[in-house]
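Asker: Numbering (the numbering used here), first residue to last: 66 to 637. Cβ coordinates follow ideal geometry from the N, Cα and C atoms, glycine included. Note that the structure is predicted; figures quoted are calculated from it, not measured.
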RNA sequence: CGGGGCGUAGCGCAGUUUGGUAGCGCACUUGAUUUGGGAUCAAGGGGUCGCAGGUUCAAAUCCUGUCGCCCCGACCA
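(1) Could you pull out every unbroken alpha helix (DSSP H) segment of at least 4 residues lying fully inside the region 341 to 426, listed in chain order?
(2) Tell whether a beta-carbon distance below 8 angstroms holds between residue 591 and residue 539.
(3) Does the region 348 to 368 come close enough to the region 403 to 423 to have 3 or more Cβ pairs within less than 8 angstroms?
(4) So within the region 194 to 274, which uninterrupted beta strand (DSSP E) runs reach at least 3 residues, ignoring any that extend past its ends?
(5) Consult DSSP for residue 637 and reduce its assignment to one of helix, strand or coil.
(6) Taking the C-alpha atoms as reference points, what is the distance between residue 574 and residue 582?
(7) Could you tell me the alpha carbon to alpha carbon distance between residue 267 and residue 602, rounded to whole angstroms?
(8) State the DSSP-derived secondary structure class of residue 114, mapped to helix, strand or coil.
(9) Nearest CA to the CA of residue 305: which residue from 445, 584, 140, 632?
(10) Is residue 284 near the ligand MG - that is, is its Cβ less than 7 angstroms away from at least one heavy atom of it?
(11) Beta-carbon within less than 6 angstroms of residue 210's beta-carbon, same chain only, minus the 5 sequence neighbours each way: which residues are those?
(12) For residue 292, count neighbouring Cβ atoms within 10 angstroms of its own Cβ and tell me buried if that reaches 16, exposed if not.
(13) For residue 203, does the count of other Cβ atoms within 10 angstroms reach 16, so buried, or fall short, so exposed?
(14) Just to check my reading of the structure: residue 323 and residue 332 have Cβ atoms closer than 8 angstroms, yes? What is that Cβ distance to the nearest angstrom?
(15) For residue 72, which of helix, strand or coil comes out of DSSP?
(16) Short check: CB of residue 384 to CB of residue 426, under 8 angstroms?
(17) In whole angstroms, give me the CA-to-CA distance for residue 615 and residue 629.
(18) Suppose contacts are defined by Cβ-Cβ distances below 8 angstroms. Is residue 518 in contact with residue 279 by that definition?
(19) For residue 165, does the count of other Cβ atoms within 10 angstroms reach 16, so buried, or fall short, so exposed?
(20) Any idea what DSSP makes of residue 526, helix, strand or coil?
(21) Excluding the 5 residues flanking residue 258 on each side, which residues of the same chain have their C-beta closer than 6 angstroms to its C-beta?
(22) Output yes or no for whether 8 angstroms exceeds the beta carbon distance between residue 463 and residue 597.
(23) Output needed for residue 434: all residues of its chain with C-beta closer than 7 angstroms, excluding positions within five of it in sequence on either side, in chain order.
(24) Quick one: give me the first and last residue of the alpha helix (DSSP H) that residue 484 is part of.
(25) Between the C-alpha atoms of residue 92 and residue 255, what's the straight-line distance to the nearest angstrom?
(26) Tell me, which residues are paired with residue 151 by DSSP?
(27) Hey, quick one: how far does the alpha helix (DSSP H) through residue 638 stretch, first residue to last?
(28) Would DSSP call residue 133 helix, strand or coil?
(29) Return the residue from the list 177, 138, 147, 176 that minimises the CA-CA distance to residue 161.
(30) My assumption, with CB atoms under 8 angstroms, is that residue 457 sits in contact with residue 302. Please give the rounded CB distance.
(31) Quick test of the definition: if touching needs 3 or more C-beta pairs under 8 angstroms, does the region 222 to 233 touch the region 184 to 200?
(32) Output needed for residue 372: all residues of its chain with C-beta closer than 8 angstroms, excluding positions within five of it in sequence on either side, in chain order.
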């Protein structure tokens, strides 16, 4: 392709709305353009990279017997009512009506439709396992689309679904997908880490998220300084820690605590270590008011709490709602509290002689003990793990990092197959629910993550595997016919060899060409300058490290091909 | 959904306080010179100032409504 003709409008200035590097560079290099909030067009260079990523994904999916299909983006409400998600998905689901006023949605994901097909078409264990996948647009009406392709409302996702006869089969499908994902992200040149994750509204249990490490990432991950443990902050668990262990149980004591609003103030006023206090919080879980107990220095993990209570909406109760159930805002405690369920973190029963709210304004209790003075309706892990907590595997301190979630694998088990009747007959003629898994990759998000990890102040630095073109040929002076002819010869030769090549044939000054070249981030650049005529050598420049090799013009095509091969092999 | 900010040419912005009929830089077109890191000169083209009402002799500017975009938070995955 000739740069003079390519539709890749570079900008000299960065659009004001772009905040992070990948968004800025995608816009500035003319790879994408915005159509509406969170909705984008991919221009030729951007789409070529998307296609490269998709080609890698297809290779790896096909290698584990994935079978590509294409399901509709417009889906009838009935299927979503069957699975129960028409209600659960909420405002994020993009709902539409047809001319007969029937309800449809633009698919946010495809579990319902794929399960619909498999239940209709597959009856026997002989046909399983089955691993259909597709690469297709998903629609999620995000409240706040952000960061260009990172969180958009329409986005390309590869989604694979596995159908197996039993849990052992699912384990195999899951492991295959997990390994394939590792191959995909490695081949894309990403620095990533698979982490244990919550399975969220999609449902099921057993999940890993693939995190591309980047400071702009929206997800926080915890990883161990001493072993391989890594998990999202929503999912991470640690061994419960007791306080006051071994002490004699003392008598409960009521103390006057004027103007102590926060746990820190109470702790300081009473001279009690904050990890020996208990924080009581009143939550509204769907329509139920519950009292939640956690050690004073810890935070509630609302994802864990919502999963535990199996609710859709969870938040702090309003003051009047707290009073309505007979509690005093700011001074709640479990002792003597009646009429609401009490949910305690698993550490609470291990706290000997702890402090907590007394139930009346300006009063707290000392030397309270679980079991003797009160009990909870549910004791479970509901705490947020933080940096410095001990690793659940080896005990070393945990560290935190930010990550971009580029892929996720889930074990769905029989959640959808049982809700929607996807059953098969085994060798004994008995019916069973199929055992399912699902596996997603955000293609545009992967492209953004590659840029986040591979750029400098001049532009993008594409890994060879996903670069929109492999080579850029630059004749420095468009008026120098001899140089232009040499460049043109190389361009034609590379095209003959099926190398993906661009030639910058514009009547621009060298600085403009070089700056656009840096911005586009094509891995290899061949420069034909004045001295080329005397030496018979052209410059081969590597975008990644700026290294320059002088190469005989007659050898160029061979040297370039060899380098492309080497650079692709390095990512295998 | 709450808080804040912004809509003027493809991009970046000024003009709005104090109403007088739209401007700058980049980009684009033509010509000349220039050619190893975003050239120079000259001449051009392009905007119903987000949209709809209203006030006024006169509205980018004042008033009302509305739509859209961005950021922070909440929410969601």
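Answerer: Concretely, from the data shown:
(1) 367 to 374, 384 to 389
(2) yes
(3) yes
(4) 197 to 204, 219 to 229, 257 to 261
(5) coil
(6) 13 angstroms
(7) Low per-residue confidence applies at residue 267: pLDDT is 49, beneath 50, and the placement is therefore not dependable enough to give any value.
(8) helix
(9) 445
(10) For the structure depicted, the ligand MG is absent and the ligand set is empty, with no information on it obtainable.
(11) 102, 103, 216, 217, 218
(12) exposed
(13) buried
(14) Incorrect: roughly 15 angstroms between the Cβ atoms, too far for contact.
(15) coil
(16) no
(17) 17 angstroms
(18) yes
(19) exposed
(20) coil
(21) 276, 295
(22) no
(23) 314, 417, 418
(24) 480 to 485
(25) 21 angstroms
(26) DSSP lists no partner for residue 151.
(27) Coverage of the chain is limited to positions 66 through 637, which leaves residue 638 absent and any answer about it impossible.
(28) strand
(29) 138
(30) 6 angstroms
(31) yes
(32) 263
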